[in-house]
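**Q** Yeah, the sequence shown ends on 1137 if you go by the working numbering, and it's all consecutive.
Ideal Cβ positions, reconstructed from N, Cα and C, are used throughout, including at glycine.
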Amino acid sequence: MSTLGWTPSERELERARVRRSIKRRGVLIASAATIAVLGLLVVGLVASPGWDRFRETFLSWPDAKESFPDIARGFWLNVKMFLVAEPLILLLGGAVAIVRSTISPLLTPLRLLAVLYTDFFRGVPTILVVFLFAFGVPALRLQGVPTDLAVLGTAALVLSYGAYVAEVIRAGIESVHPSQVASAEALGLSRGQAMRFVVLPQGVRRVVPPLMNDFVSLQKDTALVGAVGVFESLFAAQDYGNFNFNYTPYLVTAAFFVALTIPLARFTDWMGRRMMERERGS
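The following block contains the structure:
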């Protein structure tokens, strides 16, 4: 035993070497299995009877380069819709979740309205909501209401995803033990103050990973507005394919979305592990 601190014994050093050896062996086995599976998939794909036609139609480098600028401009619109919709969805979902968590009799009409909102927009497909907004709102000829399809499509996404996020946040609120509210009221906080300073911070923190998953899905679903004529990335790929009879731009569009959603997914996984480690005190 060293006077400056703990020194591992020979047995502990041997255990550490064994653990490292087992970890290296596991990594090697996993890598070899992954390479083998991917190799078999590639061989099977290349050896298929229609490979030459598939490569010409979906993997044409000249068509990828020609369609890239339009798809990039369209994808920037997807990103802007996502950045605008995300904070609005959080505000809407949080407000609906708080209303549904209230117990005051005076707020009963608001609670009923919140229930109807979540039931309706969770029951209707998102793409149908986009169509209803894109074609229904301009037909009403309301004064001061924008008729831009990108704006209407973003509003449809906000309303549709707001219902899902509201239920996620409400689940987080209800997961907080009632003793937390009782303790806050014993300290002199009102019901609203207890919700604001005690319940909401704990509830939202617990549902951050599923919220991030919803936003990963939101980024992908911004492509739905292309169905109503908004020139975003998917519409740009479809437009090019219809005129040139080549569908490589669809893979280019997919690459744009994957490049954005995979980092978001890994960030979600990291946040989930971090929350778990905090709860376990590790």
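Using DSSP with H/G/I as helix, E/B as strand and the rest coil, what is V979?
**A** In the sequence shown, the residue the question calls residue 979 occupies position 124. Coil.
**Q** Return the CA-CA distance between P960 and P1064, expressed in angstroms with no decimal places.
**A** For the purposes of this step, residue 960 is identified with residue 105 of the sequence shown, where counting begins at 1. For the purposes of this step, residue 1064 is identified with residue 209 of the sequence shown, where counting begins at 1. Those two C-alpha atoms are separated by around 33 Å.
**Q** Of all the options T981, R1129 and L1079, which has the alpha carbon lying nearest to the alpha carbon of F930?
**A** For the purposes of this step, residue 930 is taken as the residue at position 75 of the sequence shown. That would be L1079, whose Cα lies nearest to the Cα of F930.
**Q** I'd like the list of long-range same chain contacts for L1106, defined as Cβ closer than 8 Å, with 5 residues on each side in sequence excluded.
**A** Translated into the one-based positions of the sequence shown, residue 1106 becomes position 251. Cβ neighbours of L1106 beyond the five flanking positions: F913, L914 and A919.
**Q** Could you say which of L868, G999 and A1005 lies nearest to N933 if we only look at CA atoms?
**A** As a working note, residue 933 is residue 78 in the sequence shown. That would be A1005, whose Cα lies nearest to the Cα of N933.
**Q** Under 8 Å between the Cβ atoms of V1062 and A1091?
**A** Start at 1 with the first residue of the sequence shown, and residue 1062 comes out as number 207. Start at 1 with the first residue of the sequence shown, and residue 1091 comes out as number 236. Against a cut-off of 8 Å, the Cβ pair of A1091 and V1062 comes out as no contact.
**Q** Which same chain residues, not among the five before or five after L1012, have their C-beta less than 6 Å away from its C-beta?
**A** Position 157 of the sequence shown, counting from 1, holds the residue named residue 1012. A940.
**Q** What does a CB cutoff of less than 6 Å around T1077 pick up in its chain, not counting 5 residues either side in sequence?
**A** Taking the first residue of the sequence shown as position 1, residue 1077 is located at position 222. Once the five neighbours on either side are set aside, the close Cβ partners of T1077 are N933, M936 and F937.
**Q** With distances taken from CA atoms, which of T1108, K1075 and P1104 is nearest T981?
**A** Working through the sequence shown from its first residue, we reach residue 981 at position 126. Nearest of T1108, K1075 and P1104 to T981, Cα basis: K1075.
**Q** What runs of the alpha helix (DSSP H), each 4 residues or longer, lie entirely inside the stretch 983-1054?
**A** 1004-1029, 1033-1041 and 1046-1049, all fully within the stretch 983-1054.
**Q** May I have the straight-line CA-CA distance separating F986 from R996, to the nearest angstrom?
**A** Locating residue 986 in the sequence shown gives position 131, counting from the first residue. Locating residue 996 in the sequence shown gives position 141, counting from the first residue. If you take the alpha carbons of F986 and R996, they lie about 16 Å apart.
**Q** Could you tell me the distance, in whole angstroms, from the CA atom of S857 to the CA atom of P863?
**A** Working through the sequence shown from its first residue, we reach residue 857 at position 2. Working through the sequence shown from its first residue, we reach residue 863 at position 8. Confidence is the limiting factor: at S857 the pLDDT is only 49, short of 50, which leaves the residue's position unreliable and the question unanswerable from this model.
**Q** Indicate whether the contact test is met: 3 or more Cβ pairs, each with one atom in the stretch 1064-1073 and one in the stretch 881-901, closer than 8 Å.
**A** The stretch 1064-1073 vs the stretch 881-901: no contact.
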